[in-house]
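Trainee: From first to last, the protein sequence lines stand for chains E and Z.
Its first residue numbered 416, the first sequence is counted upward by one per residue in our numbering.
Its first residue numbered 416, the second sequence is counted upward by one per residue in our numbering.
2 protein chains.
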Amino acid sequence: MTIESQNDHENAWGLLKALPEKLWGKVVDVAEKIKKFGEDDPRRITHSLKVGLAVTLISLFYYIRPLYDGFGANSMWAVFTVILVCEFSVGATLGKGLNRMLATLSAGALGIGVHSLATLSGDTGRPIILGFFVFLIAATVTFARFIPAMKARYDYGLMIFILTFSLISVSSYRENDQLLVMAYQRLTTIVVGSFTAIVICICIRPVWIGENLNNLVANNMEKLGKSLEGFGGEYFNITEEGPSMDDKSFLQGYKSVLTSQETEESMANLARWEVWHFRFGFQHPWKQYLKIGTLCRQCAYKVDALNSYLNTKIQFQTPSEFQSKIQEPCTKICSESGQALKELALGLKKVMNQPTSVNLHIERSKMAAENLKSLLNTTSLWENDNLQLIIPTGAVALILVDIVPYIEKISEALHELASLAHFKRVDARVSP
Amino acid sequence: MTIESQNDHENAWGLLKALPEKLWGKVVDVAEKIKKFGEDDPRRITHSLKVGLAVTLISLFYYIRPLYDGFGANSMWAVFTVILVCEFSVGATLGKGLNRMLATLSAGALGIGVHSLATLSGDTGRPIILGFFVFLIAATVTFARFIPAMKARYDYGLMIFILTFSLISVSSYRENDQLLVMAYQRLTTIVVGSFTAIVICICIRPVWIGENLNNLVANNMEKLGKSLEGFGGEYFNITEEGPSMDDKSFLQGYKSVLTSQETEESMANLARWEVWHFRFGFQHPWKQYLKIGTLCRQCAYKVDALNSYLNTKIQFQTPSEFQSKIQEPCTKICSESGQALKELALGLKKVMNQPTSVNLHIERSKMAAENLKSLLNTTSLWENDNLQLIIPTGAVALILVDIVPYIEKISEALHELASLAHFKRVDARVSP
Chain E
416 MTIESQNDHE NAWGLLKALP EKLWGKVVDV AEKIKKFGED DPRRITHSLK VGLAVTLISL
476 FYYIRPLYDG FGANSMWAVF TVILVCEFSV GATLGKGLNR MLATLSAGAL GIGVHSLATL
536 SGDTGRPIIL GFFVFLIAAT VTFARFIPAM KARYDYGLMI FILTFSLISV SSYRENDQLL
596 VMAYQRLTTI VVGSFTAIVI CICIRPVWIG ENLNNLVANN MEKLGKSLEG FGGEYFNITE
656 EGPSMDDKSF LQGYKSVLTS QETEESMANL ARWEVWHFRF GFQHPWKQYL KIGTLCRQCA
716 YKVDALNSYL NTKIQFQTPS EFQSKIQEPC TKICSESGQA LKELALGLKK VMNQPTSVNL
776 HIERSKMAAE NLKSLLNTTS LWENDNLQLI IPTGAVALIL VDIVPYIEKI SEALHELASL
836 AHFKRVDARV SP
Chain Z
416 MTIESQNDHE NAWGLLKALP EKLWGKVVDV AEKIKKFGED DPRRITHSLK VGLAVTLISL
476 FYYIRPLYDG FGANSMWAVF TVILVCEFSV GATLGKGLNR MLATLSAGAL GIGVHSLATL
536 SGDTGRPIIL GFFVFLIAAT VTFARFIPAM KARYDYGLMI FILTFSLISV SSYRENDQLL
596 VMAYQRLTTI VVGSFTAIVI CICIRPVWIG ENLNNLVANN MEKLGKSLEG FGGEYFNITE
656 EGPSMDDKSF LQGYKSVLTS QETEESMANL ARWEVWHFRF GFQHPWKQYL KIGTLCRQCA
716 YKVDALNSYL NTKIQFQTPS EFQSKIQEPC TKICSESGQA LKELALGLKK VMNQPTSVNL
776 HIERSKMAAE NLKSLLNTTS LWENDNLQLI IPTGAVALIL VDIVPYIEKI SEALHELASL
836 AHFKRVDARV SP
């Protein structure tokens, strides 16, 4: 028993001694993860420092006597505004700031109006009138927040409208004399806070969500192009690059395109606020990006369908007669369409008209598609082949024929975007 | 000239007279749209009335003297809390309420700690210490808001943490004596406001987001089943229902499944807060719903690929020899898999184990798939057919063969869900 209990003791002691080491290991592990997370997108670190700076700056209102005397404890609203309005992107910050200022102004005015109405109805009637209006406004505006068109751009403003209206009208019951001063102070502090947030957001390394949307759509197009280009070589066993064939992540790139719809929509909504951007100014056709995104997604569904044939491919190692005959136009479509998408993406990233070489690639894929169609029409092709071999390869060919019009539609949509947004003409040297 | 100017006058007068009518027409139009919007989901109207009620109730704090004396103007924090915390679903309200209360408690305590530290360092050092900590906390917590795991569940709490910490620590510079009272009042008003919001949200027609997620996944599955079932009849020109063939919306039902990923994820995040739900209690396996959702989406991509063959189908009106031979197993897979999905959806909606008939449907589709595969292997089939006819129909057959394992995977995932969540056993009478 003594030895056992001694062993127990030693075990417990050993565990206890190992504990700090384990904990330290855990801490280091988490710290490394956080560090990596920050390094993945350093704009996150910049944004955090910007928020810290903005809050510290606005809290000077409290530390500096003359500023504090102006607003008193209500200066806190300026601090709150900065914290609430400072968002990662300029669009979100502008949207929240403008929403907050406009909502405060209009709700404050309405609150003072309701207060005047309530004072007419005597001491007993006053809380009833106030209560009725608070109920009415809260319920109506909450309902308005459900309407998609309102939700997309004014959700925050509508909430601040309820907040400010309740503040002014409910306070009016107790603070009859100070009401106008309070309404004025709330508006002023919120304007000061909003402008502080907006100025810091725009002046220190701004993140323009419009640019991000532009790049997201361009990157999606590029990934799609790479997946399509890679598919041809992969399906027909053409190994160009030799040793680099281990990394086949480019084949899966299209997958992120499949599920990016909601991200694109919310980015387009925020981008509309960025009216002062030097490149994507007022009335930039953000809706056109959504149209391009949808076309890319439809194209990605096709690429997904193609990719499902990669799994069945391994059954037949040697190319059949049929396969070797249609191989050339198929790989042509893959490479030319992929090239076209990649060049379109590059043009969009540089915010300029599509290079004329894109049309050449599209023409070539269309010719290859016509070629493929007529090959599929000639029945002589398959006389010595097995049905099990013909159908999957034929299905791949059909999908490829189907993809070409999408590439053309994407190119047309980009062309429309370029003319709507007055993209600069492409340099003549780029065209072949 | 006189006649002309008279005409102008009359025109202007006519326009002016028509203006109220036009405006009225516009108002009626908008009102009808809003009415329809409310009728589409009456829970929106209920929620709006609930918010109105909650705000009116909490503003009693202001109207009733003894309550007002306790908190004074700080009662406004309770009103704000109700407005900010009252969300459409119980999950969101609970999440925001708990986040707000916990963040206020912890940030308040930290703020008081920093205040004590700052008072040690004299009058000149105080604003510097306070400013440094406000910067540090604001920047660190803003960075933490980017981390996906934090963002998903604690985003709101982290923001309130910055707000409350700034409020307490910055105020401490001016309100030395009242600081503890203020921290206490802020915590109390926020607790009262949060509980008011939570109680009203749960007690009056609650909207449980967990139930919504359950039904969303079930509905998606049902739509997928209907699309799949409908496809068989449509592609092989089997008109069962006669006149009702005009409405082919069921064929497009799967499309909403393609893009529901983000909705499902955010619903699952909110559902985790609903620990007091009578049916989906604590530790309900919400992640399993995401797994089922992903499987349904992969299946929907296949159905999308199938649907693209409907457009090319019109070219051949009379069924070819090949087509008529594989028609039977193909339609069998469509109807049996579709049935299986619809029954699985029904079981999930009723929150019970899947009926045993599902396995029967799955077995039948697997047999049909095997049958189809062996048909495709026999080369004699296509001797009198054209390649242009064989490939699309063959591709449809291949996709159908490919779909069957997905149906089985969905059924398995649902089985896992049922055992993880202890769904009730299905009634014996339901099984055939």
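Glycine is no exception: its CB is placed at the ideal position from the N, C-alpha and C atoms.
Could you compute how far the alpha carbon of Ala633 (chain Z) sits from the alpha carbon of Arg620 (chain Z)?
Mentor: Ala633 (chain Z) and Arg620 (chain Z): Cα-Cα distance of roughly 22 Å.
Trainee: Using the Cα positions of Asn629 (chain Z) and Asn774 (chain Z), report the straight-line distance between them to the nearest angstrom.
Mentor: Between Asn629 (chain Z) and Asn774 (chain Z), the C-alpha separation is close to 21 Å.
Trainee: Decide if the stretch 468-476 of chain E is in contact with the stretch 444-454 of chain E; the criterion is three or more beta carbon pairs, one per stretch, under 8 Å apart.
Mentor: These segments do not touch.
Trainee: Thinking Pro744 (chain Z) and Ala783 (chain Z) are a contact (beta carbons under 8 Å), I'd like their distance in whole angstroms, please.
Mentor: Rounded, the Cβ-Cβ distance is 4 Å, consistent with contact.
Trainee: Could you check if Asn591 (chain E) is buried or exposed, using at least 16 other CB atoms within 10 Å of its CB as the buried criterion?
Mentor: Answer is exposed; the Cβ neighbour count stays below 16.
Trainee: So, are the CB atoms of Ala810 (chain Z) and Gly625 (chain E) less than 8 Å apart?
Mentor: Going by C-beta atoms, Ala810 (chain Z) is not nearer than 8 Å to Gly625 (chain E).
Trainee: Could you tell me the distance, in whole angstroms, from the CA atom of Pro435 (chain E) to the CA atom of Arg687 (chain Z)?
Mentor: One C-alpha to the other measures close to 33 Å.
Trainee: For Lys641 (chain E), which of helix, strand or coil comes out of DSSP?
Mentor: Three-state result, Lys641 (chain E): helix.
Trainee: Would you mind telling me which residues of chain E sit closer than 9 Å to Met491 (chain Z), beta carbon to beta carbon, in chain order?
Mentor: Those within 9 Å of Met491 (chain Z) in chain E are Ser581, Leu582, Val585, Ser586.
Trainee: Should Ala522 (chain E) be labelled buried (16 or more other beta-carbon atoms within 10 Å of its own) or exposed?
Mentor: Ala522 (chain E) should be labelled buried.
Trainee: Applying a beta-carbon distance threshold of less than 7 Å, which residues of chain Z neighbour Tyr477 (chain E)?
Mentor: The answer, in chain order, is Val585, Tyr588, Arg589.
Trainee: Is the shortest distance between the beta-carbon of Met516 (chain E) and the beta-carbons of chain Z less than 8 Å?
Mentor: Closer than 8 Å: no.
Trainee: May I ask you to report which of helix, strand or coil DSSP gives Lys392 (chain Z)?
Mentor: Here chain Z has residues from 416 to 847 only, and residue 392 (chain Z) is not among them.
Trainee: Report the neighbours of Met574 (chain E) on chain Z: residues whose CB is nearer than 9 Å to its CB, in chain order.
Mentor: Result: Ile498, Leu499.
Trainee: Residues of chain E with a CB under 8 Å from the CB of Ile806 (chain Z): which are they?
Mentor: Within chain E, the residues near Ile806 (chain Z) are Leu791, Ile805, Ile806, Gly809, Ala810, Ala812, Leu813.
Trainee: Residues in its own chain within less than 7 Å of Leu509 (chain Z) by CB, not counting five upstream and five downstream?
Mentor: For Leu509 (chain Z), where only same-chain residues beyond five positions count, the Cβ hits under 7 Å are Ile613, Trp688, Glu689.
Trainee: Within 10 angstroms of the Cβ of His699 (chain Z), are there 16 or more other Cβ atoms? Answer buried if so, exposed if not.
Mentor: It counts as buried.
Trainee: Which residue from E:Met491, E:Ile562, E:Gln742, E:Gly429 puts its Cα closest to that of Asp456 (chain Z)?
Mentor: Comparing Cα-Cα distances from Asp456 (chain Z) to each of E:Met491, E:Ile562, E:Gln742, E:Gly429, the minimum goes to E:Ile562.
Trainee: If we ignore side chains and look at the alpha-carbon of each, how far apart do Ser750 (chain Z) and Asn722 (chain E) end up?
Mentor: Going from the Cα of Ser750 (chain Z) to the Cα of Asn722 (chain E) covers about 26 Å.
Trainee: So if DSSP puts Met767 (chain E) in a beta bridge, which residue, or which two residues, is it bridged to?
Mentor: For Met767 (chain E), which the question treats as bridged, DSSP gives the partners E:Lys839.
Trainee: With DSSP collapsed to three states, give me the class of Glu743 (chain Z).
Mentor: Residue state, collapsed to three classes: helix.
Trainee: Using a Cβ-Cβ distance under 8 Å, would Ser463 (chain Z) count as near chain E?
Mentor: Output row for Ser463 (chain Z): interface = yes.
Trainee: What is the rounded straight-line gap between the Cα of Met886 (chain Z) and the Cα of Ile498 (chain E)?
Mentor: There is simply no residue 886 (chain Z) to check, as chain Z begins at 416 and stops at 847 in what is shown.
Trainee: State buried or exposed for Asn850 (chain Z), treating a residue as buried only when at least 16 other CB atoms are found within 10 Å of its CB.
Mentor: Because chain Z here runs from 416 to 847, residue 850 (chain Z) falls outside it and cannot be looked at.
Trainee: Confirm, please, whether the CB-CB distance from Ser609 (chain E) to Val505 (chain E) is below 8 Å.
Mentor: Going by C-beta atoms, Val505 (chain E) is not nearer than 8 Å to Ser609 (chain E).
Trainee: Relative to the alpha-carbon of Gln853 (chain Z), which residue among Z:Met597, Z:Glu831, Z:Gly640, Z:Asn627 has its alpha-carbon at the smallest distance?
Mentor: Absent from the structure is residue 853 (chain Z), since the part of chain Z shown begins at 416 and ends at 847.
Trainee: Of the residues Z:Gly485, Z:Ser587, Z:Ala524, which one's Cα is nearest the Cα of Thr534 (chain Z)?
Mentor: Selected option, being the one with the closest Cα: Z:Ser587.
Trainee: Would you report the Cα separation of Val596 (chain E) and His530 (chain Z), rounded to the nearest angstrom?
Mentor: Looking at the two C-alpha atoms, the distance is approximately 30 Å.
Trainee: Quick check on the DSSP output: the alpha helix (DSSP H) that includes Ala686 (chain Z) runs from which residue to which?
Mentor: Residues 676-686.
Trainee: Is the distance from the Cβ of Trp492 (chain E) to the Cβ of Ile605 (chain E) below 8 Å?
Mentor: Contact: yes.
Trainee: For the 8 Å Cβ check, are there 3 or more pairs between the stretch 564-580 of chain Z and the stretch 512-521 of chain Z?
Mentor: In short, these stretches touch, since the Cβ pair count reaches three.
Trainee: When you compare only the Cα positions, how much space is there between Arg694 (chain Z) and Ala683 (chain Z)?
Mentor: Taking the straight line joining both Cα atoms gives about 15 Å.
Trainee: Just to confirm, is the Cβ distance from Ile543 (chain E) to Leu532 (chain E) under 8 Å?
Mentor: Contact: no.
Trainee: Considering only C-alpha positions, which residue in the set E:Glu736, E:Glu502, E:Ala828, E:Val816 is nearest to Ile617 (chain E)?
Mentor: Nearest option by C-alpha distance: E:Glu502.
Trainee: Closer than 7 Å by C-beta to Lys781 (chain E): which residues in its own chain qualify, once you throw out the five before and the five after it? Chain order, please.
Mentor: Hits under 7 Å: Val819.
Trainee: For Tyr669 (chain E), which of helix, strand or coil comes out of DSSP?
Mentor: Coil at Tyr669 (chain E), not helix or strand.
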